[in-house]
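Trainee:
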Amino acid sequence: MKHKLMLGRYIEGYSLLHRLDPRSKLAGMFLFIAAVFLIDSYITLSIGFAFTIMIMILSKIPLTYYARAVKPLLLLIAFITLFHIFFHSEGARLLKAGVLTVYSGGLEKGIVAAGRMTLFISFAAVLSFTTQPDRIAGALSSFLRPLQKLGLPVDRLALMLSLSLRFVPTIFEEAERIWKAQVSRGFSLAGQPFKEKARRIIALLVPVTVSAFRRAESLADAMEARSYRLGAPRTQYRQMSWQQIDTLFLLSFALPLYFISLLN
Amino acid sequence: MKAIPIRTLVYTALCSAIFIVFSAIQLKFAFSPVPITLQTMAVIIAGMLLKPRAAFLSIAIVVVLGLLGLPVFGGKSGIAHIMGPTGGFILYFPFGAMLISLCIQALEAKLPQRSLKKHAMYLLVFLALSSWLAYVVGVPWFMASLGNVSLAKALALACYPYVTGDVLKSVLALLIFFALHKPIMQLRGQQASRRKPASELHM
Numbered sequence: 001m002k003h004k005l006m007l008g009r010y011i012e013g014y015s016l017l018h019r020l021d022p023r024s025k026l027a028g029m030f031l032f033i034a035a036v037f038l039i040d041s042y043i044t045l046s047i048g049f050a051f052t053i054m055i056m057i058l059s060k061i062p063l064t065y066y067a068r069a070v071k072p073l074l075l076l077i078a079f080i081t082l083f084h085i086f087f088h089s090e091g092a093r094l095l096k097a098g099v100l101t102v103y104s105g106g107l108e109k110g111i112v113a114a115g116r117m118t119l120f121i122s123f124a125a126v127l128s129f130t131t132q133p134d135r136i137a138g139a140l141s142s143f144l145r146p147l148q149k150l151g152l153p154v155d156r157l158a159l160m161l162s163l164s165l166r167f168v169p170t171i172f173e174e175a176e177r178i179w180k181a182q183v184s185r186g187f188s189l190a191g192q193p194f195k196e197k198a199r200r201i202i203a204l205l206v207p208v209t210v211s212a213f214r215r216a217e218s219l220a221d222a223m224e225a226r227s228y229r230l231g232a233p234r235t236q237y238r239q240m241s242w243q244q245i246d247t248l249f250l251l252s253f254a255l256p257l258y259f260i261s262l263l264n
Numbered sequence: 001m002k003a004i005p006i007r008t009l010v011y012t013a014l015c016s017a018i019f020i021v022f023s024a025i026q027l028k029f030a031f032s033p034v035p036i037t038l039q040t041m042a043v044i045i046a047g048m049l050l051k052p053r054a055a056f057l058s059i060a061i062v063v064v065l066g067l068l069g070l071p072v073f074g075g076k077s078g079i080a081h082i083m084g085p086t087g088g089f090i091l092y093f094p095f096g097a098m099l100i101s102l103c104i105q106a107l108e109a110k111l112p113q114r115s116l117k118k119h120a121m122y123l124l125v126f127l128a129l130s131s132w133l134a135y136v137v138g139v140p141w142f143m144a145s146l147g148n149v150s151l152a153k154a155l156a157l158a159c160y161p162y163v164t165g166d167v168l169k170s171v172l173a174l175l176i177f178f179a180l181h182k183p184i185m186q187l188r189g190q191q192a193s194r195r196k197p198a199s200e201l202h203m
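Heads up: the sequence lines are chains S and Y, in that order. Using the UniProt record's numbering, you'd call the opening residue of the first sequence number 1 and step up by one each time. Using the UniProt record's numbering, you'd call the opening residue of the second sequence number 1 and step up by one each time.
(1) Count the other C-beta atoms from every protein chain shown that fall within 10 angstroms of the C-beta of S/LYS4, then say buried if there are 16 or more, exposed otherwise.
(2) Going straight from the alpha carbon of Y/LYS153 to that of Y/VAL137, what length do you get?
(3) Applying the 10 Å Cβ sphere with the 16-neighbour rule, what's the burial state of Y/ARG195?
(4) Does DSSP put S/PHE253 in a helix, a strand or coil?
(5) Please list, in chain order, the chain S residues whose beta carbon lies closer than 9 angstroms to that of Y/PRO85.
(6) Quick one: grab the DSSP three-state call for S/VAL112.
(7) Should Y/ARG53 be flagged as near chain S, meaning a C-beta pair shorter than 8 angstroms?
(8) If you draw a straight line from the alpha carbon of S/LEU250 to that of S/LYS180, how long is it in whole angstroms?
(9) Out of Y/PHE142, Y/ALA158 and Y/ASP166, state which residue places its alpha-carbon closest to the alpha-carbon of Y/VAL125.
(10) State the Cα-Cα distance for the pair S/ALA50 and S/LEU75, rounded to the nearest angstrom.
(11) Consider the C-beta atom of S/LEU159 and the heavy atoms of the ligand COA; say whether any pair is separated by less than 7 angstroms.
(12) Who are the neighbours of S/GLU108 on chain Y, taking C-beta pairs under 8 angstroms?
(13) Between which two residues does the alpha helix (DSSP H) carrying S/ILE65 extend?
(14) Which residues in chain Y have a C-beta closer than 9 angstroms to the C-beta of S/ALA198? List them in chain order.
(15) Please state the DSSP three-state secondary structure of Y/VAL72.
(16) To the nearest angstrom, how far is it from the Cα of Y/TYR135 to the Cα of Y/TYR160?
(17) Within the 8 angstroms Cβ cut-off, does S/THR209 reach chain Y?
(18) Look at the alpha carbon of S/ILE245 and the alpha carbon of S/SER252, and state the distance between them as a whole number of angstroms.
(19) Taking only three categories from DSSP, how would you classify S/TYR228?
(20) Flag this pair as yes or no: are the beta carbons of S/ILE111 and S/THR81 separated by less than 8 angstroms?
(21) Whose Cβ in chain Y lies nearer than 7 angstroms to the Cβ of S/ALA50?
(22) Answer with buried or exposed for Y/ARG114, where buried requires no fewer than 16 other C-beta atoms within 10 angstroms of its C-beta.
(23) List, in chain order, every chain S residue whose beta-carbon is nearer than 8 angstroms to that of Y/THR164.
(24) Taking a contact to mean a Cβ-Cβ separation below 8 angstroms, would you say Y/PHE59 touches Y/ALA46 in this structure?
(25) Name the two residues that bound the continuous alpha helix (DSSP H) containing Y/THR86.
(26) Provide the residue span of the alpha helix (DSSP H) that contains S/ASP134, from first to last.
(27) Start and end of the alpha helix (DSSP H) containing S/GLY151?
(28) For Y/TRP141, does the three-state DSSP call read helix, strand or coil?
(29) For a contact defined as C-beta to C-beta under 8 angstroms, what are the partners of Y/ALA80 on chain S?
(30) Would you check if there are 3 or more beta carbon pairs closer than 8 angstroms linking the region 14–21 of chain Y to the region 162–177 of chain S?
(31) So is Y/PHE16 in contact with chain S if we call contact Cβ pairs under 8 angstroms?
(32) Measuring CA to CA, which of S/GLY115, S/HIS84, S/ARG116 and S/LEU144 is closest to S/TYR103?
(33) Got a sec? Which residues, its chain only, sit under 6 angstroms from Y/CYS103 by beta carbon, not counting five neighbours each side?
(34) Could you give the DSSP three-state label for Y/ARG114: helix, strand or coil?
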């Protein structure tokens, strides 16, 4: 099981980014996404990269961690890049290779598309490396609160988010335990015909799912036993505090937005 | 009656977590160069075990978490996935779960529960169709994301290689549903019996 991959990407640290309010980081990410969507040339792409690398350095997390975050999507990035290179016919022709032809416009589009994808991944990694998942959920709930007036049940959604995040490591541990129990009884997926493999997958998935549902029942009972009622007014144990540094951090995103817009 | 929303809410969160866990599991078969993930199977399970609105919410929560940068799609950064050419398929998942749930509701309303297995073929056909419905959203998204792509090209790249896998996943999900249905109904039955009013217990 890739237990480490799942929501366990938070890296303990005391950098400036770690200490920021999660809401400022989340808002910063939204602004960053808007900026990246405006990127459409080499110049604007380099501005995006310069800003992102600066943020990465501020997080005091080694760049190899970010490279590792990009790695699972390299195939997708390569696919997008090659697609643009070979199927766009704008600008000067650079290369003729049989049926395929490379133009400067297509090459730029391909590299820019790859760059944008990489920027998305990198900045998302900054957020998940420097912010605990439950704090991200808290920040999201905070942003959704104005929608309560539109009838959206924000409190329930916030609770669902928290419960969902809490369930994930538990289910992983349970799946790993059941997997090992099955393997100790001779379970193996290697070299089996499809029908047998399907039967064995079911033998693995059914106990995991039933166990998870049993746990959900217990949790619901425990919540009721602790006097939880949906819709009742409640206080918040975990508080978020906005500092001046959060404002400055958010304002810094105006710079790339401004320059990228200017150069388009 | 107020107890019911809490339970529904917990189940919804649980199915979100199951989706995240299943997204991390990949299986390789000899006949397919593309590894098959259990991601869509989790969507089907959520649709089968939850009511339509809860099924939609359980998968929508994961999509939102992915948009926020959490690696909920098999360890990959979700935002790049959703913004990329395959994002349309991911955005379809909440609606797919809701459709499956609506179909289950319709079938259970018409049929006694014990005869559900007799209509497994109808269920299977619908599951496969709802899987294929993802391409109605995913393929145009694929075309728009890459730009300057013909429909035939998009279908060849994003649709045809995966159709067989979807059918197989539907079969697997159906078998899991039948295996799960009884124990989970038993679980709910136990809880329901325990919540009888005190007056009934003394009759």
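We put the CB at the ideal spot given by N, CA and C, even for glycine. The model shown is predicted, which means the values in this text are computed figures rather than measured ones.
Mentor: In short, the structure shows the following:
(1) Here residue 4 of chain S refers to the residue found at position 4 of the first sequence. With a pLDDT of 40 at S/LYS4, under the threshold of 50, the modelled position of that residue is not reliable, and no figure is offered here.
(2) For this step, residue 153 of chain Y is matched to residue 153 along the second sequence. For this step, residue 137 of chain Y is matched to residue 137 along the second sequence. Cα to Cα, the separation comes out at about 16 angstroms.
(3) As a first step, residue 195 of chain Y is located in the second sequence; it is residue number 195 there, counting from the start. Note on Y/ARG195: pLDDT 45, under 50, position unreliable in the model; no value is reported.
(4) The residue labelled residue 253 of chain S in the question sits at position 253 within the first sequence. Reduced to three states, the DSSP call for S/PHE253 is coil.
(5) Along the second sequence, one-based indexing puts residue 85 of chain Y at 85. In chain order: LEU76, PHE79, ILE80 and PHE83.
(6) Position 112 of the first sequence, counted from the start, is the residue given in the question as residue 112 of chain S. In the structure shown, S/VAL112 sits in a helix (DSSP, three-state: H, G or I).
(7) Residue mapping note: residue 53 of chain Y aligns to position 53 of the second sequence, counting from 1. Cβ-Cβ to chain S under 8 angstroms: no for Y/ARG53.
(8) Here the question's residue 250 of chain S lines up with position 250 in the first sequence. Here the question's residue 180 of chain S lines up with position 180 in the first sequence. Straight-line Cα distance between these residues: approximately 47 angstroms.
(9) Taking the first residue of the second sequence as position 1, residue 125 of chain Y is located at position 125. Taking only the C-alpha atoms, the option nearest Y/VAL125 is Y/ASP166.
(10) The residue labelled residue 50 of chain S in the question sits at position 50 within the first sequence. The residue labelled residue 75 of chain S in the question sits at position 75 within the first sequence. Answer to the nearest angstrom: the Cα atoms are 24 angstroms apart.
(11) The model on display carries no ligand, and the ligand COA is accordingly not part of it.
(12) Residue numbering aside, residue 108 of chain S sits at position 108 when the first sequence is read from its first letter. Here the premise fails: no neighbours, minimum Cβ distance about 13 angstroms.
(13) As a first step, residue 65 of chain S is located in the first sequence; it is residue number 65 there, counting from the start. Residue 65 of chain S is actually Tyr in this sequence, not Ile. Taken as a continuous stretch (DSSP letters only), the alpha helix (DSSP H) holding S/TYR65 covers 63–70.
(14) Taking the first residue of the first sequence as position 1, residue 198 of chain S is located at position 198. Simply LEU168, VAL171, LEU172 and LEU175.
(15) Counting from 1 along the second sequence, the entry for residue 72 of chain Y is found at position 72. Of the three classes helix, strand and coil, the one that applies to Y/VAL72 here is coil, per DSSP.
(16) What you label residue 135 of chain Y is simply residue 135 of the second sequence in a count that begins at 1. What you label residue 160 of chain Y is simply residue 160 of the second sequence in a count that begins at 1. One C-alpha to the other measures close to 10 angstroms.
(17) As a working note, residue 209 of chain S is residue 209 in the first sequence. With 8 angstroms as the cut-off, S/THR209 counts as an interface residue toward chain Y.
(18) If you number the first sequence from 1, residue 245 of chain S lands on position 245. If you number the first sequence from 1, residue 252 of chain S lands on position 252. Cα-Cα distance, rounded: 11 angstroms.
(19) By one-based count along the first sequence, residue 228 of chain S stands at place 228. Residue state, collapsed to three classes: coil.
(20) For the purposes of this step, residue 111 of chain S is identified with residue 111 of the first sequence, where counting begins at 1. For the purposes of this step, residue 81 of chain S is identified with residue 81 of the first sequence, where counting begins at 1. Yes, Cβ-Cβ distance for S/ILE111 and S/THR81 is below 8 angstroms.
(21) The count along the first sequence starts at 1 and reaches residue 50 of chain S at position 50. Near S/ALA50 there are no residues of chain Y at all, since even the closest Cβ is about 20 angstroms away, more than 7 angstroms.
(22) For this step, residue 114 of chain Y is matched to residue 114 along the second sequence. Bear in mind that the predicted position of Y/ARG114 carries a pLDDT of just 46, short of 50, making it unreliable; the figure below should be weighed with that in mind. Classification of Y/ARG114: exposed, given that the 10 Å Cβ count is below 16.
(23) As a working mapping, residue 164 of chain Y is identified with position 164 in the second sequence. Those do not exist, as Y/THR164 stays about 11 angstroms from chain S at its closest Cβ, beyond 8 angstroms.
(24) Residue 59 of chain Y sits at position 59 when you count from the first residue of the second sequence. Residue 46 of chain Y sits at position 46 when you count from the first residue of the second sequence. It should be noted that the sequence gives Ile, not Phe, for residue 59 of chain Y. A contact, by the Cβ cut-off of 8 angstroms.
(25) Here residue 86 of chain Y refers to the residue found at position 86 of the second sequence. First-last for Y/THR86: undefined, no H or E at that position.
(26) Within the first sequence, the letter at position 134 stands for residue 134 of chain S. Here the alpha helix (DSSP H) through S/ASP134 covers 133–144.
(27) Residue 151 of chain S sits at position 151 when you count from the first residue of the first sequence. Note, S/GLY151: premise wrong, no alpha helix (DSSP H); not H, not E.
(28) Within the second sequence, numbered from 1, the residue matching residue 141 of chain Y stands at position 141. Correct three-state label for Y/TRP141: helix.
(29) Counted from its first residue, the second sequence places residue 80 of chain Y at position 80. Here the neighbours are LEU73, LEU76, MET117, PHE120, ILE121 and ALA124.
(30) yes
(31) What you label residue 16 of chain Y is simply residue 16 of the second sequence in a count that begins at 1. In the sequence as displayed, the identity of residue 16 of chain Y is Ser instead of Phe. Output row for Y/SER16: interface = yes.
(32) Stepping through the first sequence from its first residue, residue 103 of chain S is reached at position 103. Of the listed residues, the one whose Cα sits closest to S/TYR103 is S/HIS84.
(33) Stepping through the second sequence from its first residue, residue 103 of chain Y is reached at position 103. Here the set comprises PHE126.
(34) As a first step, residue 114 of chain Y must be located in the second sequence, where it is residue number 114. Reliability fails at Y/ARG114, whose pLDDT of 46 lies under 50, so the model's placement of it is uncertain and no value is given.
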